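Remarks on the structure that follows.
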Amino acid sequence: MKKTAENEKVHPLDAKLSMAHFYVAIIALALGGFAGLLQTLVRSGRMELPAGITYYQLLTVHGVLLALVLTTFFIIGFQLSAVSKTIGPLSTPSRITGWIGFWTMTLGTVMAAVMVLLNEASVLYTFYAPLQAHPIFYGGLTLVIVGSWISGGALIAAYRKWKKNNRGQASPLLSFMAVVNTLLWIVATIGVAATVLFQILPWSLGWVDSINVLASRTLFWYFGHPLVYFWLLPAYMCWYVVIPKVICGKIFSDSLARMSFILFLLFSIPVGLHHQLLEPGIDPIWKFLQVILTFLVVVPSLMTAFSLFGSFEQYGRSQGAQGIFGWFKMLPWGDARFTVPFIGMAAFIPAGAGGLVNASNQLNQVVHNTIWVTGHFHLTLATSVILTFFGISYWLVPHLTGRTLTKKLNKLAIIQGVFWAIGMSFMSGAMHIAGLLGAPRRSSYSTYGDSTQALDWIPYQIAQAVGGTILFIGIILYIIIFIQVAFFAPKGNEEFPVGEVTDKAEKTPLIFENWKLWLGITAALILFAYTIPFIDILQNAPPGSKGFKLW
Amino acid sequence: MHMHKFEKVWLIFGTVALLVFLTVLGVSAFYLGNQPPSCLVTIDPEKVEVTAPFNAPGLYEVTGKDWDYELVFVASAFSYSPAKVEIPKGSTVKVIATSKDVIHGFEIAGTNVNMMLEPGFVSEYTTRFNNEGENLIICNEYCGVGHHMMSSRIEVVSK
Amino acid sequence: MAVPKLKNKSQTKETSNLKGTLASVLILGIILIIVWVSIYFIFVNRLG
Ligand code: HEM
Ligand SMILES: [Cu+2]
Ligand SMILES: [Cu+2]
C-alpha cells in the first residue's frame, strides 16, 4: 500500500475514536487540575476544605485523574491517530476493537471515580497495601488496564497487517514508535495486573486474610517506572517526528530515533527497585544493580537531546544562520505547535538532572518522599509530557474535527504555554527547595506542633500556591482552546505534521523490527534483574498484613 | 548506522559522566558502608508489642558495638513511640524501627535519615548526632487521614 | 526572507556543521553534573 490520498488525513471514523479518548482526557484534566489548585491552597495553610472532604481524597482524585486517566486516554488516542495517519485507516474489526477498549477503560474509570468520591478509596493513585480500598476501586483500575490492552491489540493488529502487505519495508517511523510504546506498556502492566488480580482483589474481597506487602509493592514498581516512559515516549514521538516538520526541517536520523526507542523498551523495565531504595527486605546489591540499569536508560535520552538540537541547528543553518547559536533565533517561536512543546523540552533539562539524583541510591536518602519528588515529576510529567500533549492537540484536534487553529488561538496557545512555564517555575522550584529542607510529600498542611523546621517550609508552600494558581489559569486557557478547536473554530484543513528524513539518509535497517529479538532481550533483562530479589522476597516473607481503612 | 562525530563525542562524554557517578555511589556504598537502609530482618506485624526490642521502645545505651545507643521506634497510625527522646550530642545511634499497621515513613527532617517502615520488616540506620537542638521526625509515606500529624522529636543535648 | 549568503560555505559542509548542537549538549551535560554534585555534597555534609 503506497501513500494514498486518504492517508493524508486520518480517516474520519478513526478520528472519531481518537476524539472520544481526548474528551475523557480533557474532563480528567479539568477536574484533576482543580484538585491540584485546591491542594496547593490547603498546603499553604490559608484554606480548609469544605463538606468533610479530606486532603487525601482530593490528592487521590488528582493523582488518579491526571497520572492514570488523562495520560492513558490521551496517549491511546494519539497513537491510534498516528497509526491511522501513517499506515492507513484501521480495518473495521480493529476499529471496533478500539471502541471496545475505549468503553472498557471508560467504565473502569467511572467505577474507580465513584469509589473515590464516596471516600471508599482514599489510598492515592499508588494504592499501597495494606491500606485497603473498596474492591470496586481495584476492579475499575483493572478495567482501565484491560481496556488499554484491547486498544493496544487493535494497534498492533493494524501494524501487523501493514507489515504483511509491505514485506521487507521499514514501517513508518511514527507507527514504529507507537508499536514500541504499546509493547512497553503491555510488558509493564503485567506487574500491576499481577498484584491487583492475584493479591489485592482477593484480599479486598475477603477471600484471603492477608497480603504480602513487599511483593505487592515490588510488582507495582516493576510497572511504575516503565509507566513514566509510557508517558514520555509519545512526547518523544512528537519531538523526533512532528517538530522537525513543524519547523520545516528534517528528521535528524530515522535509525537513531528507532534505536533510542528500542533502548527504552529494553532498559526502562528492569529498574523499578530504584523506587524502593530505602525499603527493608531487599538486598542492597540488587538495589545497586538496578541503579546501574537505571543509568543505562539515560543514554537514549542523551541521544534524544543531541537529535533535537541537531535538527534545530540543521534547519537554522539551512536558513543561513551564522555563529554557534545563530540557529536558535531562526526557530519558529510564533508557532504554538513548536513553542509549547519546546517549553516542555526545556523543562526536561532540570527534570532529567533531578531524575539522576533520585536514582542515585544514596542521594535518594536526601530527597525520598519529600516534596522534591513532587517537584520533579511536575517537571517531567506535568510539564515536559503534558505541554507536549497540549502542543500535539493544538494541531491534532482541529485535524480530526476538520477545523483550524486560527492565528488568535495560536497566540492564546503560546500565552497558555508561558503561563505554564511561569506557574511551574514557582511551584516546582519551591517544591524542590522545600524538599531539600525536608518537607514531606503527600501531606496536608501541618506545622508539626509548631516545629521550627516545619515553620521554615511554609513560605515555600505559599510560593507553591502562587504557582498553582498561575498553572490553573493555564489549564483554563487550554480548555478554552480545546473547546474552540473541537467545536467552534472555522472549518479547514489543519495539517498532521509528519517529518521526513533527508534525501541523503541511509536506508533504515530492518533489525529494529525484529520483535522476537527485542522482546527476548527485554524478558532476559527483566529475569536477570528481578528473579533473585523476587524469590528472596517470597521466601523470606514475614506474616502477611490484614487490610486497614485509616481514612 | 551512521553517527555524527559530535554525537559520538557527546555520548562518550555523557557515558563517562554516568560511569563516574556510578563509581562514586558504588565505592561509597560498598566500600565506605553508606548503604541505603536495607535491613533484612522480619517480624510478625501483629506481635510487635511482644517482640523484643519493640516491646519497650526508647533509647538504650550499648557497649562493645560500633554505636553508642540503640533507639527503638514503633510506628502506628498516627504516632511514633517514643514521642520524644533526648540524645547526648556527638553520639552514634542505631535507629531500629518497625510498623504495627500500614506502611509509614521515618524521616529526620534535614538529615540523611530517611527510610520506609513496612509491616513485617525491621528498618535500621546508623547515624551520628553532632548538632545540638531539636530534630523533627516525620512520617513521609501516606498512611491515612492523620498522616500529617504523625511526628516525633529528637532533642540533642550537650553531655 | 532569504539573506544572501556571501560568506561562501559549501552546501555539504553546512548540513553537517553541528557545532552549536555540540555546545548545547555539553552545556546540558554540565548542568546535569552540577546538580548531581551539589546534591552529593548535601549528602556528604549531612553524614556528619
Ligand atoms: C494546576 C496544575 C497543577 C497543580 C496546581 C498541581 C499541584 C499538585 C500538588 C500540590 C501535589 C502534591 C501534593 C502533595 O504531595 O501533598 C500534586 C501531586 C501530583 N500531581 Fe499535580 N498539580 C497540577 C497539575 C498536574 C498535572 C497536569 C499532572 C499530571 C499529568 C499532575 C500529576 C500529579 C501527580 C501524579 C501527583 C502525585 C499524587 C500523589 O502523590 O499521590 N499534576 N500536584
Ligand atoms: Cu523510576
Ligand atoms: Cu504517614
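Chains as they are written, first to last, in the working numbering: chain A, 1 to 551; chain B, 1001 to 1159; chain C, 2001 to 2048. Don't be surprised by glycine CBs; every beta carbon is placed ideally from N, CA and C. These numbers come from a predicted model, not from an experiment.
Rounding to the nearest angstrom, what Cα-Cα distance links residue 34(A) and residue 60(A) in this structure?
13 angstroms
In chain order, what residues of the stretch 315-346 of chain A put their CB closer than 9 angstroms to some CB of chain C?
316, 317, 318, 319, 320, 321, 322, 323, 324, 325, 326, 327 and 328
Counting Cβ pairs, one atom from each stretch, are 3 or more of them under 8 angstroms apart for the stretch 286-301 of chain A and the stretch 266-275 of chain A?
yes
Taking all protein chains shown into account, decide if residue 101(A) is buried (16 or more other Cβ within 10 angstroms of its Cβ) or exposed.
buried
Around the Cβ of residue 2030(C), are there at least 16 other Cβ atoms within 10 angstroms (buried) or fewer (exposed)?
exposed
Work out the CA separation of residue 251(A) and residue 2019(C) for me, nearest whole Å.
18 angstroms
Using only the alpha-carbon positions, how far apart do residue 177(A) and residue 1013(B) sit?
27 angstroms
Consider the C-beta atom of residue 373(A) and the heavy atoms of ligand 2; say whether any pair is separated by less than 7 angstroms.
no
Best match in 169(A), 202(A) and 225(A) for proximity to residue 381(A) [C-alpha to C-alpha]
225(A)
Run through the stretch 444-517 of chain A for me and flag every whole alpha helix (DSSP H) of 4 or more residues, listed as ranges in chain order.
452-483
According to DSSP, is residue 1124(B) part of a helix, a strand, or is it coil?
strand
For residue 1060(B), which beta-bridge partners are listed by DSSP?
1070(B)
Looking at the strands, I want to know which residues DSSP matches up with residue 545(A).
211(A)
From the beta carbon of residue 309(A), is the nearest beta carbon of chain C less than 8 angstroms away?
yes
State yes or no: is the C-beta of residue 474(A) within less than 8 angstroms of the C-beta of residue 420(A)?
yes
Could you check whether the Cβ of residue 225(A) sits closer than 7 angstroms to any heavy atom belonging to ligand 5?
By its list of ligands, the structure shown excludes ligand 5, since it contains just ligand 1, ligand 2 and ligand 3.
Under 8 angstroms between C-beta atoms of residue 313(A) and residue 333(A)
no
Assuming contact is defined by CB atoms lying nearer than 8 angstroms, are residue 479(A) and residue 26(A) in contact in what I supplied?
yes
Mind checking which residues open and close the beta strand (DSSP E) that includes residue 1088(B)?
1084-1088
Cα-Cα separation, residue 1147(B) to residue 1139(B)
7 angstroms
I need the straight-line Cα distance from residue 1031(B) to residue 1025(B), nearest angstrom please.
10 angstroms
Name, please, each residue of chain C whose Cβ falls closer than 7 angstroms to the Cβ of residue 352(A).
2032
What separation, rounded to the nearest whole angstrom, lies between the Cα atoms of residue 536(A) and residue 543(A)?
15 angstroms
Here's the rule I'm using: 16 or more other beta-carbon atoms within 10 Å means buried, otherwise exposed. How should residue 22(A) be labelled?
buried
Should residue 1067(B) be flagged as near chain C, meaning a C-beta pair shorter than 8 angstroms?
no
Cutting at 7 angstroms between CB atoms, please list the residues of its own chain near residue 372(A), excluding the five before and the five after it.
431, 432, 435 and 436
Would residue 363(A) pass as an interface residue toward chain C - the criterion being a Cβ-Cβ separation below 8 angstroms?
yes
Could you tell me the distance, in whole angstroms, from the CA atom of residue 2024(C) to the CA atom of residue 1039(B)?
43 angstroms
Taking C-beta to C-beta, are residue 295(A) and residue 399(A) nearer than 8 angstroms?
no
Go through its chain and collect everything with a Cβ distance to residue 1068(B)'s Cβ below 6 angstroms, but skip five positions before and after it.
1091 and 1092
I need the DSSP call for residue 1107(B), collapsed to helix, strand or coil.
strand
In its own chain, which residues sit with a C-beta less than 6 angstroms from the C-beta of residue 515(A), not counting the 5 before and 5 after it?
none
Taking residue 1112(B) as the reference, which of 1079(B), 1124(B), 1027(B) and 1078(B) has the closest Cα?
1124(B)
Could you tell me which residues DSSP pairs with residue 1098(B) in its beta bridges?
1074(B)
Whether residue 287(A) touches residue 1037(B) by CB criterion (8 angstroms):
no
Where residue 2(A) sits in the DSSP three-state scheme:
Because the pLDDT of residue 2(A) is 39, which lies under 50, any placement of that residue in the model is unreliable, and the number read from its coordinates should be weighed accordingly. It is coil, neither helix nor strand.
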